[in-house]
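See structure below.
Residue numbers (the UniProt record's numbering): 1 to 269.
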């Protein structure tokens, strides 16, 4: 009986082994070689990634918009009458170029503020793009801020640059440029700078513009209203706005302006 039990146990163990599930190994699939040659990797590293184009979407005033979108001659019908949004991404129109327009704001110094001292200077290019706009700290003590007309307040001059710094910046931009301004001699005198007469275009002296004021020197505000049908200096002056307005007046009459300057005799001072 013991021998039978022993044989039965061996048989039972053998049956269990035969019924057991063997583990099947998954076949190993060789991956294709994807090694990139070092020369190719180096070439890929050298290829620059395309830069994302930056956009500057700004709301431009009628004067700003007209100056920016027109490339050369401006006609009366080209002048915008409303503000518009536009992407100013043309880097070419941000260069100084051949023509620049300047305007300055002044504060009063001396007894009762009767003398003028430079407090802000702005320069724009042919397309009205601002090349320079800085507040300037007068050498003398300010006795009349003239805020109602200049727009200058004490806080504007808190971090203002020195007169010498402003003079150097302006002088650098003047080099080889045709300078446009309205009553520009006042600006040059306060900056203690000079410029060749043949390189100056003063809108206050242009005969067709003087006719509007009955032969006298027209104010810029009146001239812009009469010629461009645009209101400027609604509250106080902005030298940037005035410089742009002066540039637009010039560009509107540029061909005749240049003929007049070529024909008239200029006294070299």
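Beta carbons: idealized from backbone N, C-alpha and C, even for Gly.
*Exposed or buried, what is residue 218 when buried is set at 16 or more other beta-carbons lying within 10 Å of its beta-carbon?*
Taking the chain shown and counting its residues from 1, one reaches residue 218 at position 218. Buried, because 16 or more other Cβ atoms sit within 10 Å of the Cβ of residue 218.
*Cβ-based neighbour list, residue 130, same chain, cut-off 8 Å, excluding 5 preceding and 5 following*: In the chain shown, counting from the first residue as 1, residue 130 sits at position 130. If we look at residue 130 and ignore the five residues flanking it on each side, its Cβ neighbours are 122, 123, 124 and 240.
*Give a yes or no on contact between the region 207-222 and the region 65-76, applying the rule of three or more CB pairs nearer than 8 Å.*
No, the region 207-222 is not in contact with the region 65-76.
*Any contact of the region 133-150 with the region 111-122, i.e. 3+ C-beta pairs under 8 Å?*
Note that the region 133-150 touches the region 111-122; at least 3 beta-carbon pairs, one per stretch, sit closer than 8 Å.
_residue 209 versus residue 83 - alpha carbon distance_ = Taking the first residue of the chain shown as position 1, residue 209 is located at position 209. Taking the first residue of the chain shown as position 1, residue 83 is located at position 83. Separation of residue 209 and residue 83 (C-alpha to C-alpha, rounded to the nearest whole angstrom) is 25 Å.
*Counting only runs that start and end within the region 54-142, where is the beta strand (DSSP E) found for 3 or more residues in a row?*
Correct list: 57-60, 84-87, 99-109, 115-125 and 130-137.
*asked:* Alpha carbons only, please: which of 191, 172, 203 and 192 is nearest the one belonging to residue 182?
replied: Start at 1 with the first residue of the chain shown, and residue 182 comes out as number 182. Taking residue 182 as reference, the option from 191, 172, 203 and 192 with the minimal CA-CA separation is 203.
*DSSP state of residue 179, grouped into three classes?*
Translated into positions along the chain shown, residue 179 becomes position 179. In the three-state DSSP reduction, residue 179 falls in the strand class (E or B).
*Quick one, which of 173, 69 and 153 has its alpha-carbon nearest residue 194's?*
One-based indexing of the chain shown puts residue 194 at position 194. The shortest CA-to-CA distance from residue 194 to any of 173, 69 and 153 is the one to 173.
*Provide the residue span of the alpha helix (DSSP H) that contains residue 187, from first to last.*
Within the chain shown, numbered from 1, the residue matching residue 187 stands at position 187. Taken as a continuous stretch (DSSP letters only), the alpha helix (DSSP H) holding residue 187 covers 184-191.
_Quick check: the Cα distance between residue 244 and residue 108, rounded to an integer number of angstroms?_
By 1-based counting over the chain shown, the position of residue 244 is 244. By 1-based counting over the chain shown, the position of residue 108 is 108. Each residue's Cα considered, the two are about 25 Å apart.
*Could you tell me the boundaries of the alpha helix (DSSP H) in which residue 242 lies?*
Looking up residue 242 in the chain shown gives position 242. For residue 242, the uninterrupted alpha helix (DSSP H) run begins and ends at 239-252, by DSSP.
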